[in-house]
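Participant:
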DNA sequence: TTGATTAATGTAAACGATTACTCTTTGTTT
DNA sequence: AAACAAAGAGTAATCGTTTACATTAATCAA
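Protein chains in written order, with the working numbering: chain A, 28 to 369; chain B, 28 to 369.
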């Protein structure tokens, strides 16, 4: 494995000259540039990244911590991050937080150990004070979830208003007994979507029934199980808003198991618009998040941080859109109307 | 940011001593060990990984190249890799190959530049000779796809026999006009599954109709489009075997668009058993691959390579299992039988 | 008591790049 | 022609570790 010294010897110049032609054709004569290039070619020289990193004190690598890489929502965000990262010649290290051996401190250490230049967190379930302290010295951005009262750059959608919009839409379709399967109550996501749900009901002076609010954990199974509870109630809801698509799918399958038709007998909607949402039967009415853009924007923000560019703002909220498909029964409800009420 | 020198000064010992207590409590006196530890604590010292890496010439980081991180099949394999990697204190770098800016050479360079210790490839679509050359000097393992006639360690399932098994099962259910939606014909996966399909027909002396073999590209959309072609034929097939679940779902949706009931009017089966397969309506009959295990086994193999442990064999084929669910119509076909023919 | 062995530590040389600084050499200005 | 500036290239310090080797002190056998 040739080093820069070997190249220098081969090209009959000093290591400095070799380094200069390789980093930027700064001020090296045509002749020397040529012979260095030839030597590089001949020896098949690849600069050792570690040597460079140590000297320049950056690795051109960022770390992204993802709650569950298996979750299509996050893998889309990842893709957005990757795209911009690679374009800017950054590599991306992935850490799966759901993983049993995951130690929250480890990813912070990687920053301090200079192993990565920056950090994008796709979750905020960890010691927040540490994160805040760290962000004073390091480049960190939060995606999907935000942290109250900090200046850590964040990119997400407005989950409260999106959930409110979804709920209001159901109310407009004349559903009166609307239940909500929440996400885990220790996540901002879960809390915000529930808040939006409640706001919509209150705005329309519909009483909020606590029995209609059931906690799930964002998994298909939890959607299925919680739905069973709801369906077993004597005053069964006529519409269910699940806090994500996976739970909505679980809920729909539960309804099917109950011999209920969706949306004829009960409407079920989700949140996220994962790829399967439009493939499912019935096609899922849901809130579409710009996952790819969230990833890309996070990376773009991180890049700004890394380049010490002044940030004009720190909280970026991206647009979401209501995807009206079949599972809400809008076609049933509006068949006598001239126009869809959306 | 304190360095090892600062710690040494603080603890009143040499840097060597500090390094010694930190790497392994080799032969440092109780007293010094103690004061070093205290100094580390007091200064909040984190060893700079780059310095260490440069010296020790390994990064404890591996690279995995994945065709599409968004594809649930691969993200499961990734999870398997991650799990073992983290357990053994390795970090994992991800590279998305479908990404526009992806340069096949780049991942090879990362090996040569000492940026990563090893490489797991979840695809074999790239210059194979380069890969073979490289594997002589570096630690590389291939997952999911194999390469004929090399000694590069590989872990996958036997796609030929799995596809044959699936097809035979359809034949056993008395379907006679069976079509196959293949994967891309430049992938080993696509080729092998087609081969298995043909083998099954030939073994039962059923003629292989070329019009029943249509190429897709593993995407939902291609499954949908290709299915339209098949359904438009005058001698429409009564069963369709798609080379992956996503195309099977696309095909099912196409059938629905044709007002055909699955499996009553036409049976459609897939391959891979992605998470959605059992959530779909109808539930997908498919071949289950041990994705997590594939990932874990690949990582385990890579670890062996890295530790220069002798490999007993280089091609590992893992078990697959036929998941009989609803989309193949087995319950319709066997309602008069006493037992399921599986 | 002496020489040999061992344990504990320190000194300094790597690792492979980048880059501040210095030194020629050449070209320009007056 | 002298003085100065600029261009091109080399020397060596540096980044933060690890570790081979040297050194010292202490223990032990004869």
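Built from N, CA and C at the ideal position, the CB exists for glycine as well.
Can you find a CB in chain A that lies within less than 8 Å of the CB of residue 308(B)?
Facilitator: For residue 308(B), the answer is yes, since a Cβ of chain A falls inside 8 Å of its Cβ.
Participant: Give every residue of the same chain whose Cβ lies closer than 7 Å to the Cβ of residue 186(B), excluding the five residues on either side of it in the sequence, and list them in chain order.
Facilitator: For residue 186(B), where only same-chain residues beyond five positions count, the Cβ hits under 7 Å are 216, 219, 220 and 223.
Participant: Could you give the DSSP three-state label for residue 210(B): helix, strand or coil?
Facilitator: Residue 210(B): coil per DSSP, three-state reduction.
Participant: Residues of chain A with a CB under 7 Å from the CB of residue 80(B): which are they?
Facilitator: Those within 7 Å of residue 80(B) in chain A are 77.
Participant: Identify, in the order they occur along the chain, each residue of the same chain with its Cβ nearer than 6 Å to the Cβ of residue 282(B), setting aside the five sequence neighbours on each side.
Facilitator: Same-chain partners within the cutoff: 289 and 293.
Participant: Under the three-state reduction of DSSP, which class applies to residue 413(A): helix, strand or coil?
Facilitator: Nothing can be reported for residue 413(A), as the shown portion of chain A is limited to 28 through 369.
Participant: Could you give the distance in angstroms between the alpha-carbon of residue 228(B) and the alpha-carbon of residue 161(B)?
Facilitator: Cα to Cα, the separation comes out at about 40 Å.
Participant: Any contact of the stretch 238 to 258 of chain A with the stretch 171 to 180 of chain A, i.e. 3+ C-beta pairs under 8 Å?
Facilitator: Verdict: no, contact absent.
Participant: Looking only at its chain, what residues have a beta carbon closer than 6 Å to the beta carbon of residue 127(B), apart from the 5 residues adjacent to it on each side?
Facilitator: Confidence is the limiting factor: at residue 127(B) the pLDDT is only 47, short of 50, which leaves the residue's position unreliable and the question unanswerable from this model.
Participant: Can you check which of these residues, 158(B), 198(B), 66(B) and 61(B), is closest to residue 32(B) by C-alpha distance?
Facilitator: Among 158(B), 198(B), 66(B) and 61(B), the Cα nearest to that of residue 32(B) belongs to 66(B).
Participant: Compute the Euclidean distance between the alpha carbons of residue 258(A) and residue 89(B), then round it to the nearest angstrom.
Facilitator: Near 48 Å, if we compare the C-alpha coordinates of residue 89(B) and residue 258(A).
Participant: Considering Cα atoms alone, identify which of 130(A), 273(A) and 225(A) is closest to residue 247(A).
Facilitator: Ranking 130(A), 273(A) and 225(A) by Cα distance to residue 247(A) puts 273(A) first.
Participant: When you compare the CB of residue 120(B) with every CB in chain A, is at least one pair closer than 8 Å?
Facilitator: So yes, residue 120(B) belongs to the interface.
Participant: So what does DSSP say about residue 299(A), is it helix, strand or coil?
Facilitator: Strand.
Participant: Counting only the same chain and skipping the five closest in sequence on each side, list residues whose C-beta sits under 8 Å from that of residue 95(B).
Facilitator: Excluding positions up to five away in sequence, the list reads 101, 123, 124 and 125.
Participant: Using only CA atoms, which one of 36(B), 134(B), 159(B) and 275(B) lies nearest to residue 62(B)?
Facilitator: Checked all of 36(B), 134(B), 159(B) and 275(B); the closest Cα to residue 62(B) is 36(B).
Participant: Any chance you could list the beta strand (DSSP E) runs of at least 3 consecutive residues sitting entirely within the stretch 108 to 179 of chain A, in chain order?
Facilitator: Listed in chain order, they are 118 to 123, 145 to 148 and 166 to 170.
Participant: Are the Cβ atoms of residue 183(B) and residue 173(B) separated by less than 8 Å?
Facilitator: Contact: yes.
Participant: Nearest by alpha-carbon distance to residue 29(A): which of 47(A), 170(A), 55(A) and 70(A) is it?
Facilitator: For the residues 47(A), 170(A), 55(A) and 70(A), the minimum Cα distance to residue 29(A) belongs to 70(A).
Participant: Any beta carbon of chain B sitting closer than 8 Å to that of residue 67(A)?
Facilitator: No, because no Cβ of chain B sits closer than 8 Å to the Cβ of residue 67(A).
Participant: Taking the alpha-carbon positions, what's the residue 322(A) to residue 109(A) distance?
Facilitator: Each residue's Cα considered, the two are about 8 Å apart.
Participant: Give the secondary structure of residue 269(B) by DSSP, where H, G and I count as helix, E and B as strand, and everything else as coil.
Facilitator: Residue state, collapsed to three classes: strand.
Participant: Are the C-beta atoms of residue 36(B) and some chain A residue less than 8 Å apart?
Facilitator: Not closer than 8 Å to any Cβ of chain A, the Cβ of residue 36(B) fails to qualify, so no.
Participant: Between residue 117(B) and the rest of its own chain, which residues show a CB-CB distance below 6 Å, the 5 nearest in sequence each way excluded?
Facilitator: These residues qualify, in order along the chain: 87 and 89.
Participant: Relative to the C-alpha of residue 335(A), which candidate in 276(A), 277(A) and 164(A) has its C-alpha closest?
Facilitator: For the residues 276(A), 277(A) and 164(A), the minimum Cα distance to residue 335(A) belongs to 164(A).
Participant: Report yes if the CB atom of residue 84(A) is closer than 8 Å to the CB atom of residue 141(A), and no otherwise.
Facilitator: Cβ distance < 8 Å, so residue 84(A) and residue 141(A) count as in contact.
Participant: Going by C-alpha to C-alpha distance, which of 195(B), 285(B) and 271(B) sits closest to residue 250(B)?
Facilitator: Nearest option by C-alpha distance: 271(B).
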